[in-house]
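What follows is one structure encoded as structure tokens, with my remarks underneath.
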Amino acid sequence: MNAHSDYKPIHEMGLPTATTIYLTSGNADWLSGKYVSAPWDLGEVRQVWKEKIEKQAALVSKLALPI
Numbered sequence: 311m312n313a314h315s316d317y318k319p320i321h322e323m324g325l326p327t328a329t330t331i332y333l334t335s336g337n338a339d340w341l342s343g344k345y346v347s348a349p350w351d352l353g354e355v356r357q358v359w360k361e362k363i364e365k366q367a368a369l370v371s372k373l374a375l376p377i
């Protein structure tokens, strides 16, 4: 990153890496095909929201094309 840049990151640089590792570890297979944001506390999502997400088919990402 340019030392003279006015850009200030909002999140830690390792956050996307940590999120990717968590999602590919096998512990978050239930999130496959769902919208996930890196800043979320995925441990909390699993403990508090997993059952509700699965029951309501929430956070589903789909690409729909008119035919």
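Residues in the sequence shown are numbered from 311 upward in steps of one, following my numbering. The C-beta atom is built at its ideal place from N, Cα and C for all residues, glycine as well. Source: prediction; values computed, not measured.
Here's a check: name, in chain order, each residue in its chain whose Cβ is nearer than 8 Å to the Cβ of residue i, leaving out the five neighbours to either side.
i, result
"Pro349", "His321, Leu325"
"Gly343", "Val370, Ser371"
Report yes if the C-beta distance between residue i and residue j is below 7 Å; otherwise report no.
i, j, result
"Ser371", "Tyr332", "no"
Excluding the 5 residues preceding and the 5 following residue i in the sequence, name in chain order all residues of the same chain whose CB lies nearer than 6 Å to its CB.
i, result
"Leu352", "Tyr332"
"Thr329", "Ala348"
So which of the options has the shortest CA-CA distance to residue i?
i, options, result
"Asn337", "Val355, Ile377, Leu375", "Val355"
"Lys360", "Leu373, Trp340, Tyr317, Pro376", "Trp340"
So if DSSP puts residue i in a beta bridge, which residue, or which two residues, is it bridged to?
i, result
"Val370", "Lys344"
Who are the near neighbours of residue i in its chain, counting only those whose CB is closer than 7 Å to its CB and skipping five residues on each side?
i, result
"Glu364", "Trp340"
"Gln366", "none"
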